[in-house]
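Asker:
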Amino acid sequence: MDTGSLVDAVYEAAFLSDRWADVLDRLAKDVGAEGTILANISDPTAPWIASDGVAQLYECFFQGGWAYNNAKTMALLDNAHPGFISDALYLGEDWMAQQAVYRDFYWKHGFGYAAGTTIRIPSGDVIGISIEKKRELGPVVQQDLDRLDILRPHLARAALLGSQLQFARIEAALQALQLASLPAAMVRNNGTMIECNSLFHAFTGHIVFQPSDGLRFKSRAADTAYRSFLEAWRNRGGSISGASWPIKGSSDAAPAVAHLVPIKGAARDIFLRTAFFLIITPVHRSNLPSVEIIQGLFDLTPTEAKIGRKLAGGETIDSTARSFGISVETVRSHVKAILSKSGMSRQTDFVAAVATIMPIGERMDD
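For the sequence shown, this note's numbering gives the first residue as 4, with consecutive numbering after it.
As structure tokens, this is what we get:
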């Protein structure tokens, strides 16, 4: 093993994530293994990186739902050893034979031996590295573990650097949203918050900040919508798009619309379990677009645009009917036309869409 050049490559990968695949491949080849995976094992839906030798294996692994019931990962998490361990040496062949993930997945794909380690980073997440070896070649032996342990401190530092760089990107994104006068936070898929901008932190009329980075909406309906969506996201492996829902106004806070925007693809990072932007759009009548803009955007009649603006400002169908001196049934008829023309199925979707149309840079005070 050319330790010096591999160490250099590890630190380079901390800054350029597309270099990780080569580093992982070199780790595997040095101990006669097929390939290596690097994953955030705190979250089965988080991104992962694998070298070519095991990329297809882990595509099947995650698609098959094995990440949600992986005895090998749990055993790795339970082990406090600050280095690489061999499953055959640490867990034993008898234990492995009893685990479905070995019998029904790894062995069926010709694999079955591995060396792994975990790295805990400041965010609280755990990064796992697993080097996979073909079963016919036998287990990873102590001599191989000693070689891998030479590199482990450098791998840990690279993971720390990667998480710090991602955190800096998060802060930059939140500040950019603040410049657009948008209260915003970065949240994990369990609903806990990683970071928020000062506008979001000041949004106490609708949000309660809890211990351990928790947050909840004061409105029961809004909080239920938030948690129901996150549960659906987790149950479907992150395969659904974002959501918006209204937050009812109160005596000390104007109505608002909450938006969960998923972070997908290259924007997601393996080292920080960030799943969403949570963006709050306060709905003030003074900030709503004009009737003419709403009419033009959605091809509405003047009356439909006026009614749509009222609803976007937090009015109900009943109060809108009273305001215009028309019947509730007439307002409902106009709402149906508005939804049909805008291509939306629910009134709340239309309200959310209108609430996002506002001049950039206009400060939204409570």
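Glycine included, each C-beta is placed from N, C-alpha and C at the ideal position. As the structure is a prediction and not an experimental result, all values here were calculated from the model.
(1) Rounded to the nearest angstrom, what separates Gly-364 and Asp-21 at their Cα positions?
(2) Report the start-end ranges of each alpha helix (DSSP H) in the segment 90-123 that is 4 residues or longer and not cut off at the edges.
(3) Across the segment 24-39 and the segment 91-107, are there enough close Cβ pairs to call them in contact, namely three or more that are closer than 8 Å?
(4) What does DSSP give as the partner residues of Gly-38 in its beta bridges?
(5) Going by the beta-carbon positions, is the gap between Thr-323 and Lys-313 smaller than 8 Å?
(6) Would Asp-128 pass as a contact of Ser-215 if the rule is Cβ separation under 8 Å?
(7) Who are the near neighbours of Ala-246 in its chain, counting only those whose CB is closer than 7 Å to its CB and skipping five residues on each side?
(8) From Ala-53 to Val-357, what distance separates their C-alpha atoms?
(9) Does the Cβ of Arg-366 have 16 or more other Cβ atoms within 10 Å, making it buried, or fewer, making it exposed?
(10) Give the list of continuous beta strand (DSSP E) stretches no shorter than 3 residues that lie fully inside the segment 184-247.
(11) Within 10 angstroms of the Cβ of Tyr-229, are there 16 or more other Cβ atoms? Answer buried if so, exposed if not.
(12) Answer yes if the segment 293-308 comes into contact with the segment 335-353, meaning at least three C-beta pairs across the two stretches below 8 Å, and no otherwise.
(13) Helix, strand or coil for Leu-19 per DSSP?
(14) Any idea what DSSP makes of Pro-249, helix, strand or coil?
(15) Suppose the cutoff is 8 Å on Cβ atoms and the five residues either side in sequence are ignored; what does the same chain contact list for Gln-145 look like?
(16) Answer with buried or exposed for Tyr-116, where buried requires no fewer than 16 other C-beta atoms within 10 angstroms of its C-beta.
(17) With DSSP collapsed to three states, give me the class of Val-129.
(18) Give the secondary structure of Gly-364 by DSSP, where H, G and I count as helix, E and B as strand, and everything else as coil.
(19) Based on the DSSP output, what are the partners of Leu-263 in its beta bridges?
(20) Give me the Cα-Cα distance between Gln-178 and Gly-194, rounded to the nearest whole angstrom.
(21) Suppose the cutoff is 7 Å on Cβ atoms and the five residues either side in sequence are ignored; what does the same chain contact list for Ala-78 look like?
(22) Give the list of continuous alpha helix (DSSP H) stretches no shorter than 4 residues that lie fully inside the segment 282-341.
(23) Just to confirm, is the Cβ distance from Ile-134 to Gly-119 under 8 Å?
(24) What separation, rounded to the nearest whole angstrom, lies between the Cα atoms of Ala-162 and Leu-291?
(25) I'd like to check one pair, Leu-151 with Val-13: are the Cβ atoms closer than 8 Å?
(26) Is Ile-173 helix, strand or coil when you go by DSSP?
(27) Put Ile-153 into one of helix, strand or coil per three-state DSSP.
(28) DSSP three-state call for Ala-70: helix, strand or coil?
(29) Do you know how far the Cα of Leu-185 is from the Cα of Asp-368?
(30) For Pro-362, is the classification buried or exposed, using 16 other Cβ atoms within 10 angstroms of its Cβ as the cut-off for buried?
(31) Which two residues bound the contiguous beta strand (DSSP E) that contains Ala-53?
(32) Could you tell me the distance, in whole angstroms, from the CA atom of Ile-197 to the CA atom of Gln-213?
(33) Please look up how many angstroms separate the CB atoms of Pro-285 and Val-354, rounded, as I've assumed it's under 8 Å.
(34) Does the structure place the segment 28-37 close enough to the segment 62-69 that three or more beta carbon pairs sit under 8 Å?
(35) Indicate whether Ser-293 and Pro-265 have their beta-carbon atoms separated by less than 8 Å.
Answerer: The relevant details are as follows:
(1) Residue placement at Gly-364 cannot be trusted, given a pLDDT of 42 that sits under 50; what the coordinates show is reported in the next sentence. Straight-line Cα distance between these residues: approximately 35 Å.
(2) 90-93, 96-100
(3) Counting Cβ pairs under 8 Å, fewer than three are found: no touch.
(4) Glu-135
(5) yes
(6) For Asp-128 and Ser-215, no; Cβs fall outside 8 Å.
(7) The residues are Phe-232, Leu-263.
(8) In this structure, the alpha-carbon of Ala-53 lies about 43 Å from that of Val-357.
(9) Unreliable placement is indicated for Arg-366, whose pLDDT of 42 sits below 50; the coordinate value is still reported in the next sentence. Residue environment for Arg-366: exposed (fewer than 16 other C-beta atoms within 10 angstroms of its C-beta).
(10) 187-190, 196-199, 210-213, 217-220
(11) Buried is the call here.
(12) yes
(13) Of the three classes helix, strand and coil, the one that applies to Leu-19 here is coil, per DSSP.
(14) strand
(15) Closer than 8 Å at the Cβ level, and outside the excluded window around Gln-145, lie Ser-89, Leu-92.
(16) buried
(17) strand
(18) The predicted model places Gly-364 with a pLDDT of 42, which falls under 50 and marks its position as unreliable, so this point remains unresolved.
(19) Ala-246, Leu-281
(20) Distance between the alpha carbons of Gln-178 and Gly-194 is about 21 Å.
(21) Leu-94
(22) 294-301, 305-315, 320-327
(23) yes
(24) 45 Å
(25) Not a contact, by the Cβ cut-off of 8 Å.
(26) Helix.
(27) helix
(28) helix
(29) The predicted model places Asp-368 with a pLDDT of 43, which falls under 50 and marks its position as unreliable, so this point remains unresolved.
(30) Residue confidence for Pro-362 is low, a pLDDT of 46 falling below 50, so the modelled location carries little weight; the figure read from the coordinates is stated next. Per the 10 Å Cβ criterion, exposed.
(31) 51-53
(32) 13 Å
(33) At roughly 13 Å, the Cβ-Cβ gap does not stay under 8 Å, so Pro-285 and Val-354 are not in contact.
(34) Contact between the segment 62-69 and the segment 28-37 is absent, with fewer than three C-beta pairs closer than 8 Å.
(35) Not a contact, by the Cβ cut-off of 8 Å.
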